[in-house]
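Take 650 as the starting number for the sequence shown in this note's numbering and just add one per residue. Using N, Cα and C, we set each Cβ at its ideal position, and we do this for glycine too. Keep in mind that this is a model prediction, so the values were computed, not measured. To start, the structure itself, in structure tokens.
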Amino acid sequence: MSIPEILPTPTPVSQKRGPWSSDEHERYCTGLEMFRYGSWKRIAEYVGTRTERQVQSHAQSIRAKRKRAENRRKRDGFETVI
Numbered sequence: 650m651s652i653p654e655i656l657p658t659p660t661p662v663s664q665k666r667g668p669w670s671s672d673e674h675e676r677y678c679t680g681l682e683m684f685r686y687g688s689w690k691r692i693a694e695y696v697g698t699r700t701e702r703q704v705q706s707h708a709q710s711i712r713a714k715r716k717r718a719e720n721r722r723k724r725d726g727f728e729t730v731i
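Shown next as structure tokens:
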């Protein structure tokens with residue numbers, strides 16, 4: 650048996666470009682719950698249409714948006730005190 654017969658051929662990820670669809674984002678969120686933050690390769694495999702780098706970038710973008718929204722709430726006096 651030769652090495653190519655032993656090792657499985659990696660399934661190519663079709664690289665989709667542009668904005669994430671709602672279905673892709675939902676799979677990203679589910680993958681994030683299933684795996685931990687930072688497991689970009691596993692999340693990308695779960696999403697199926699995005700690369701590891703695209704998943705990482707998507708996570709960074711979401712974090713930045715949440716941080717901006719949090720800062721706006723604090724600035725505008727809508728911070729909830731618990």
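- In the three-state reduction of the DSSP assignment, W669 falls in the coil class.
- In the three-state DSSP reduction, G687 falls in the coil class, being neither helix nor strand.
- For G680, the secondary structure class from DSSP, reduced to helix, strand or coil, is helix.
- Counting only residues of its own chain and dropping the five nearest sequence neighbours on each side, V704 has a CB closer than 6 Å to the CB of W689, I692 and A693.
- R699 sits buried, since 16 or more C-beta atoms from the chains shown fall within 10 Å of its C-beta.
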